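Below you'll find the structure, written out as structure tokens, and then a few comments.
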Amino acid sequence: MGVSGFYSYLFKKYPNIKSVCTEKNLADETKCHSLYLDLNHIIHKYAESNDKNQIIKDVIEHIDRLVRSIKPSQLLYIAMDGVAPKARMPHQRTKRFLKSKNIPDREVNRFETNEQHKLEKKTFDECNIKPGTEFMCQLSKCLRYFIRNRMHTEEDWRSVNVILSDANVPGEGEHKIINFIRQQRHQQNNTNGTFHVVYSSDSDLVLLGLLTHEPQMTVLCEVCANCEKIGYHAKDCNTNKSSSTPGSNTKTNYAVIHLPKLINNLKSQNYDSPVFLKNLERFVDDWVLICLLFGNDFLPKSHSIDFFDKSIITMDHLMDAYREALTKNNDYLTKNGTITKDCLLTLMEKVGGKDKDGKYRRPLYYEDKFRRPLYYKDKFGFNATDLNTFSNKVATDYVQGLYWVFQYYSKGPPSWNWYYPHHYAPLAYDFSNVKNLDLKFDPPGEPVRPFEQMMATFSPKNVDYLPLAWQPIMTEEIFDISKFYPTEFVVDPNGKERSSQYVVLIPFIDKETLSTALKDFTSKLTPEEEKRNRLDYDSLFIHSSHSIHQQFRKSSDANKKPIITEENPVQLQDISDCKLVGHGWTDDTGDI
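Those letters in the sequence shown? Residues 1 to 592, by the UniProt record's numbering.
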């Protein structure tokens, strides 16, 4: 999903960063050494019919067309969403519980024809597109066969290294892509000449791409055939035009977002101001941090900040606050991809100051001193007398969350277990009161397994996706954690028109409580379920003519058993012509 409204703001502000082309012209628009596919974006495009085999076929054909059109010369990296950090799970859980209620948008009459079309046609349950499901396991098997087949039958594939990071590899797809790029950049010095193309509809990719500081990177996504916007497929478009059917003969246009042009725009419009300290990379990192205040997938959106609503805080106001913070601290907000605490607190003080004078406030909750208590009573159930202490705690949690999100974007999750423990954001007014900020998280922890993520994010209506032995844990009251899976709950529209933005008031699930409840049930999994529930590594596919393959072939004993194992891996950077950094070993399928 990413930052709400970000693409609309970006293309209105900087129209020259985007070009539009057809599939035939992709190679001309995108010089490409390394192509990265955020595969869940492609899966969702075809996830309409209940014919799972057809969906897999359509996904693979889409990959094939992209590779033929873009022609990567060095690397193809295919990333599926694996398990996410705990901070992402409340958002996923909200989505699943909302789906279980079938709550219509407030705009349902406006889009009635299109909504009826979607309800009549859509039978594929998107719960299938989660780590640990039979569908994702089957898709991974088919992709492995497809990759091997192409390497044996098509010349263009033989010189390209192919990496598959399937749903058993932890991490969200777009973050696995960026982490890979970041690792290659940090561990070798020859990536500056690499042209990267990342295919995804998620607006996060622009911010993530900027944080890599790779000089040649573009983000590629489809243009909606209905409204000509990007960020979603035509089948999900809320316009009255009849949406095109995936796989039809409708010509697909692609938007190419040129990150170097965006950086040049940011530099020319902001960076030349005397207040800036002339370190472009740090300025770009700061700008990404400011964008995260407009929304992300880990913190609830603030009522006080919006790209387009000029009655509240906009980007212009935040940039004013940023300049004031720079002047006061004589330093940037970030350094080497890490937030400087004092500078962040100064920024939030300035942001809160924009809300204090009443100029940038929505009518509800803001017009007089009595309405701030009303907000915290209405949204948080606060009834005590010490409002300042309570609101300061909420604001502090939110700013800590902002730090977590930025670190996740720039370096990876500082903690797999942290999450924001409230359903709503504080008022921007209260950011100015945050003084003491603890930026130390609990031990980083580790990813949960796929079935545990299902338990943390699915509603009781999705129980059939769980292993049979686990299903009673969610539905039967004799188990302590059944209270986390209510069938009746409050849904707050929270001033939004679209139901996907509503707030679901259900309890948060604590990881330790969940892990304890599941401890005695792990042994009840079948061998097939254990395989779907494992955590795995990326798979590297290479043609037999490649020097890497020759190296692995030589590393076998007289009985043809590989001596390069997980316990005794080979360093890829030690292999000539590899152009990859990391370590690898062969598995029981022969993949590296």
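Note that the Cβ used here is the ideal one computed from N, Cα and C, for glycine as well.
Every value quoted in this text rests on a predicted model; they were computed, and no experiment measured them.
| field | Per DSSP, cross-strand counterpart(s) of D38 | value | A79
| request: Evaluate H152 with the Cβ neighbour count: other Cβ atoms within 10 Å of its Cβ, from every protein chain shown; 16 or more gives buried, anything less gives exposed. | output: exposed
| Residue range of the beta strand (DSSP E) that A47 falls in? | Unbroken run through A47: none, as it is neither H nor E.
| field | DSSP state of D386 mapped onto helix, strand, coil | value | coil
| Which listed residue (Q138, A469 and K99) has its alpha carbon closest to that of T487 | K99
| Taking just the CA atoms, how far does L387 sit from residue 593? | Any answer about residue 593 is impossible in this case: the structure gives the chain only from 1 up to 592.
| task | Using 10 angstroms around the beta-carbon of I78, count the other beta-carbons present and answer buried if the total reaches 16, otherwise exposed. | result | buried
| message | Does the contact criterion of 3 or more C-beta pairs under 8 angstroms hold for the region 448-464 versus the region 67-83? | response | yes
| request: Pull up the distance between the alpha-carbon of E115 and that of S73, whole angstroms please. | output: Residue placement at E115 is poorly supported in this model, since its pLDDT is 47, which falls under 50; the coordinates still yield a value, given next. Computed Cα separation, rounded: 42 angstroms.
| Paired residues, beta bridge with C127 - DSSP | DSSP output for C127 lists no bridge partner at all.
| query | Within the chosen definition, does the region 436-443 reach the region 387-407 through at least 3 CB pairs nearer than 8 angstroms? | reply | yes
| request: Write down the C-beta distance between S203 and V3 rounded to the nearest angstrom, noting that I regard them as a contact closer than 8 angstroms. | output: 5 angstroms
| said: By the three-class DSSP mapping on this structure, what secondary structure does K435 have? | reply: coil
| query | With C-beta atoms as the reference, is Y9 less than 7 angstroms away from I230? | reply | no
| query | So what's D331 in DSSP terms, helix, strand or just coil? | reply | coil
| query | Is the region 537-544 touching the region 452-461, taking contact as three or more C-beta pairs under 8 angstroms? | reply | no
| query | Roughly how many whole angstroms lie between the Cα atoms of K12 and A255? | reply | 14 angstroms
| Where K251 falls: helix, strand or coil (DSSP) | coil
| request: Whole angstroms is fine: what's the gap from K350's alpha carbon to I163's? | output: 45 angstroms
| query | What did DSSP end up calling F11 once you bin it into helix, strand or coil? | reply | helix
| Starting from Y199 and walking both ways along the beta strand (DSSP E), at which residues does that stretch end? | H196 to Y199
| Do three or more CB pairs link the region 326-341 to the region 280-290 at distances below 8 angstroms? | yes
| Since P300 contacts Y199 with CB under 8 angstroms, what's their CB separation in whole angstroms? | No, P300 and Y199 are not in contact; Cβ-Cβ is about 29 angstroms, not under 8 angstroms.
| Local Cβ density within 10 Å of P507, reported as buried at 16 or more and exposed below that | exposed
| query | Does the beta-carbon of K310 have 16 or more other beta-carbons within 10 angstroms, so that it is buried, or is it exposed? | reply | exposed
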